[in-house]
Amino acid sequence: MEKRKGIKYFFALILAVFIFSFVAATYDFSDYSIQDLYSKGSSISGTIEISFEDEPINSLFTDSLGNSVELRELLFASQNYPYTCSYANCESRFVQGGIGSTFTFSLPKGQSTFYGLIFNQNLVKINSARFDLQSDATESPTNQISVDFFNDEIVDVKNTNPGNTLGEENFGCFNSSQSQTEVTLTTTPYCQEILLNETPGVYIGAWVKEVTAGTKNVTMTLYTKEGNIINGCQMSKNDLTSYGSRAFCSVDVSVPEEGKYFVCISSGASGSGDYKVRGFSQANNCGFQGIPPKTPVYSYEIGARQKYFGNVGTINILNTLKNGNNLSQMIENYIVSEYGTKDCSANPCYVPIKITSAKDQSVTIKNLNVNYDFIGGSGVTMTTFYKFDEDPSEVTSSMGNLNLGQFFKLPNEEANLTYKLNYKGDELFEEEISVKDFGISIYPLRAAANFPTDFVAHVPSTLNPTLYTWEFGDGQSKITNTPNVRTTYNEEGSFTLTLTVKTNVGDIPTGFDIIVGSPKEVLSYEIQKRKSNLDLVENLFSSLSTFEQDEVKKILDIPSLRASLEIIEEEEALATTEEEYAHIISELLNLSSPLSLGKYVVRQSFYIPSSESIDLNALSLVTGRTYNYSQSTYDYVQFWNVDKLDSDITESQVVVFWDEKPESTIRFFELTVSQSESISEDYYFIIKNLGGLSFRSLENVQSVEGNKYIKLSSSTERIEFSTTQAGEITGFMFISPSVIDIQDVGEISEPRSNFWILILGLIAVLLIGLFIYLILHRWYRVKYESYLFPDKNHLYNAIFYITNSVKNGMENSEIRESLLKSGWTGEQVNYLMKKHAGKN
Numbered sequence: 154m155e156k157r158k159g160i161k162y163f164f165a166l167i168l169a170v171f172i173f174s175f176v177a178a179t180y181d182f183s184d185y186s187i188q189d190l191y192s193k194g195s196s197i198s199g200t201i202e203i204s205f206e207d208e209p210i211n212s213l214f215t216d217s218l219g220n221s222v223e224l225r226e227l228l229f230a231s232q233n234y235p236y237t238c239s240y241a242n243c244e245s246r247f248v249q250g251g252i253g254s255t256f257t258f259s260l261p262k263g264q265s266t267f268y269g270l271i272f273n274q275n276l277v278k279i280n281s282a283r284f285d286l287q288s289d290a291t292e293s294p295t296n297q298i299s300v301d302f303f304n305d306e307i308v309d310v311k312n313t314n315p316g317n318t319l320g321e322e323n324f325g326c327f328n329s330s331q332s333q334t335e336v337t338l339t340t341t342p343y344c345q346e347i348l349l350n351e352t353p354g355v356y357i358g359a360w361v362k363e364v365t366a367g368t369k370n371v372t373m374t375l376y377t378k379e380g381n382i383i384n385g386c387q388m389s390k391n392d393l394t395s396y397g398s399r400a401f402c403s404v405d406v407s408v409p410e411e412g413k414y415f416v417c418i419s420s421g422a423s424g425s426g427d428y429k430v431r432g433f434s435q436a437n438n439c440g441f442q443g444i445p446p447k448t449p450v451y452s453y454e455i456g457a458r459q460k461y462f463g464n465v466g467t468i469n470i471l472n473t474l475k476n477g478n479n480l481s482q483m484i485e486n487y488i489v490s491e492y493g494t495k496d497c498s499a500n501p502c503y504v505p506i507k508i509t510s511a512k513d514q515s516v517t518i519k520n521l522n523v524n525y526d527f528i529g530g531s532g533v534t535m536t537t538f539y540k541f542d543e544d545p546s547e548v549t550s551s552m553g554n555l556n557l558g559q560f561f562k563l564p565n566e567e568a569n570l571t572y573k574l575n576y577k578g579d580e581l582f583e584e585e586i587s588v589k590d591f592g593i594s595i596y597p598l599r600a601a602a603n604f605p606t607d608f609v610a611h612v613p614s615t616l617n618p619t620l621y622t623w624e625f626g627d628g629q630s631k632i633t634n635t636p637n638v639r640t641t642y643n644e645e646g647s648f649t650l651t652l653t654v655k656t657n658v659g660d661i662p663t664g665f666d667i668i669v670g671s672p673k674e675v676l677s678y679e680i681q682k683r684k685s686n687l688d689l690v691e692n693l694f695s696s697l698s699t700f701e702q703d704e705v706k707k708i709l710d711i712p713s714l715r716a717s718l719e720i721i722e723e724e725e726a727l728a729t730t731e732e733e734y735a736h737i738i739s740e741l742l743n744l745s746s747p748l749s750l751g752k753y754v755v756r757q758s759f760y761i762p763s764s765e766s767i768d769l770n771a772l773s774l775v776t777g778r779t780y781n782y783s784q785s786t787y788d789y790v791q792f793w794n795v796d797k798l799d800s801d802i803t804e805s806q807v808v809v810f811w812d813e814k815p816e817s818t819i820r821f822f823e824l825t826v827s828q829s830e831s832i833s834e835d836y837y838f839i840i841k842n843l844g845g846l847s848f849r850s851l852e853n854v855q856s857v858e859g860n861k862y863i864k865l866s867s868s869t870e871r872i873e874f875s876t877t878q879a880g881e882i883t884g885f886m887f888i889s890p891s892v893i894d895i896q897d898v899g900e901i902s903e904p905r906s907n908f909w910i911l912i913l914g915l916i917a918v919l920l921i922g923l924f925i926y927l928i929l930h931r932w933y934r935v936k937y938e939s940y941l942f943p944d945k946n947h948l949y950n951a952i953f954y955i956t957n958s959v960k961n962g963m964e965n966s967e968i969r970e971s972l973l974k975s976g977w978t979g980e981q982v983n984y985l986m987k988k989h990a991g992k993n
């Protein structure tokens, strides 16, 4: 009998454990759906299918990129996810723990604890409040401690002590392994976008070469992402060298929060001296010339070094906080907001203080002094803290799709990642994702509150975009078939607009920071920004050649734009109502306005026409002759170019960057044709009628059915022309003699008595062919190589890189893609790959 009872108890215990395991499981994760392709700087886009039962609202989601988000934030951002909370407004409550005038406690990294005040009287006024916080936390690259009054996610107090240690140099997207070009410092700054963390101080600097010593100042300036100056400093002349080196100066200011900033360098307007910085162009540029913000067009060796936070020591938390807020007034306002009255006599009023650690430390709070008046007494002093235990609101929901919102940020650089999302330390899913620079942008990035704003997306046509999903960050969303949409933000502030574009490579989400202000503020900002941009563009325009200026004028009318801005500025001065300001904003945004203008030398290379570029029909129209459309004819023209001419072509580009549309590029070419020996016959340069084709001089330029041509005669000819046509320019032009002397080969008769003569003839032809091959191969190796790589160091460095990459297991296709992204031309990459393989 006792044995049976034991068996019953055993099964009862097993059943209890089984039942308890289900009770303790307070969430049920079913599935997930996220994008696997993203633009750099965006956020994870998708949903998780999950349900909750009595789950604490402060439970944490974390991911493999270091993001951390409370459940409450995801719930509040998911409008279509139904849930209930155990407390009103899903707010946490607090229960009293210990009481004392001093508390000392250990606070591990990443943990928070709650202390606070409790009032039991019918309050009249809080007169003052202060206390001291002491910590043994030592120097750290991140802020070691923060204090949040009222648990409202706003940090009110933190460590501001600067340390003696400097962090690593941060040059943004700059890559020191790339070949760089030196550019001269002027009063117009060169700027680089840099991601900075919160820091008590920062050094900003750049690689600078002192070409000529002088009295001009070299100035560094730090800007916000909106283009507002934070502070600046001047380089010490003692830090500048004639061979070029990195130099920094200290900006006497703290960086209050993590984000994108601009670091800029410029020289003074007066004085002597010549200074240079350096950079290069790549697919994911983050620099530009001009006042920020602007479209990135280049990458410079400009960066920053952040100071560590110093030892925390003792923080004196006074009634007037360092941010200017009045602590006693804040406490009084909180009590009224939370409890609806200052009468705490019936129900005690809890005032929480949340202390959060970013480093293992021991913390002491002490010397509390809160002075207040209540009905029945004045000047009462409170000196005791209370330990609070958080009683979070509990969430219950059925299975549904919880939106991941904009909380899980992705890196601002290209990468292939294994992304993991965790809840309360448990892994929910793992997914391979790619972050790329697709060149997607939108305009404008500022909007006026309570008035419609028209957004326009710029998506490269190569992506073949077909559908646009707009999530505006304020709870609104729209889907369009065209790259434009209209929306209205109902309040001022900062919003993250997420644009997801359906393309031929999949859905691509990209996030953009939108600043919403009053119509008057937005209008004033836009006018001043456009005037400043136009001043810069006009200054850069004046440095172009006459030919370049004439071509730019065809797409950019600076005098007309300036006149339009002056009219809009006059209208702004007369406007008095929000509606009038909004109308002027609409007028301004419809005005095509340049952001910047840049000139870039793209390449210089030896020129020989390809078989594909030789148009015998066009040549026949020019010369009046007929030609044999055989391979021998094309070979003759190519070998004639090698034998008779030394030709090279230089390409430069002038790019106009616009506010509201993709950039406009005008390509300029200088073709130099030199006779390597005297030429008595007629020969011609022929080019197709490309888009926007113009010549610096129309002298000797003639037209014939879809082509332009020039008869060449001088020992050295220089032909300058421009076009807006994309593609390899050498595929649209060629140089050819008018007479192409090839012999038709008749039928080969049966060999009879002349058999040995034929054999000897064939041997002679083979020897001649081998001789010609050796000559051409020698030319290819020496002359062609010197044109492709004027600086042999660049050639050797590239070969060394390819060798190491092959040793590390990289595929040829990956190496080729890496070289192209680094700025090498396709022609250079082909040569490098052949040379490494031993074919050159």
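Residue numbers (our numbering): 154 to 993. Backbone N, C-alpha and C define an ideal beta-carbon position, used for all residues, glycine too.
Same chain only: Cβ atoms within 8 Å of residue i, ignoring 5 sequence neighbours per side
i: Tyr492; result: Asn500 and Cys502
i: Ser766; result: Thr883, Gly884, Phe885, Met886 and Phe887
Contacts around residue i, its chain only, beta-carbon distance under 7 Å, and the 5 residues preceding and following it disregarded
i: Gly259; result: Position check: residue 259 holds Ser in this sequence, whereas Gly was assumed. Ser515.
C-alpha gap between residue i and residue j, whole angstroms
i: Thr872; j: Asn853; result: Checking the displayed sequence, the identity of residue 872 turns out to be Ile instead of Thr. So the alpha carbons of these two residues sit roughly 11 Å apart.
i: Ser966; j: Gln702; result: 40 Å
i: Trp811; j: Ser746; result: 6 Å
i: Asp579; j: Gln442; result: 47 Å
i: Cys599; j: Thr663; result: In the sequence under discussion, the amino acid at residue 599 is Arg, which differs from the Cys named in the question. Those two C-alpha atoms are separated by around 17 Å.
i: Cys386; j: Val308; result: 29 Å
i: Ser510; j: Lys378; result: 28 Å
i: Leu474; j: Lys495; result: 23 Å
i: Thr640; j: Gly844; result: 37 Å
i: Ser891; j: Asp835; result: 6 Å
Counted within 10 angstroms of its Cβ, other Cβ atoms place residue i as buried (16 or more) or exposed
i: Tyr376; result: buried
i: Tyr525; result: buried
i: Thr536; result: exposed
i: Lys507; result: buried
i: Asp289; result: exposed
i: Phe284; result: buried
i: Pro353; result: buried
i: Ile667; result: buried
i: Asp710; result: exposed
i: Gly659; result: exposed
i: Ser542; result: Note that residue 542 is Asp in the sequence shown here, rather than Ser. Looking at its Cβ environment, which holds fewer than 16 other Cβ atoms inside 10 Å, Asp542 is exposed.
Helix, strand or coil at residue i according to DSSP, with G and I counted as helix
i: Trp977; result: coil
i: Phe792; result: helix
i: Lys193; result: coil
i: Ile506; result: strand
i: Gly377; result: The sequence shown places Thr at residue 377, not Gly. DSSP places Thr377 in strand when its eight states are reduced to three.
i: Arg246; result: strand
i: Thr179; result: coil
i: Gly592; result: coil
i: Leu985; result: helix
i: Lys512; result: coil
i: Ala422; result: coil
i: Phe173; result: In this prediction, Phe173 has a pLDDT of 40, which is less than 50 and means its spatial position is unreliable; nothing more can be read from the coordinates.
i: Lys684; result: helix
i: Leu1003; result: No answer is possible for residue 1003: the residues shown for the chain start at 154 and end at 993.
Range covered by the beta strand (DSSP E) that runs through residue i
i: Thr803; result: Leu798 to Trp811
i: Lys864; result: Asn860 to Leu865
i: Leu286; result: Leu276 to Ser288
i: Leu140; result: This structure leaves residue 140 out entirely; the chain is present only between 154 and 993.
i: Gln757; result: Pro747 to Phe759
Residue i: first and last residue of the uninterrupted alpha helix (DSSP H) it sits in
i: Met483; result: Leu480 to Tyr492
i: Leu228; result: Leu224 to Ala230
i: Asp216; result: Segment Leu213 to Asp216 is the beta strand (DSSP E) holding Asp216; no alpha helix (DSSP H) there.
Own chain, CB closer than 6 Å to residue i, minus 5 neighbours either side, in chain order
i: Asn312; result: Asn296, Gln297, Ile298, Phe462 and Val465
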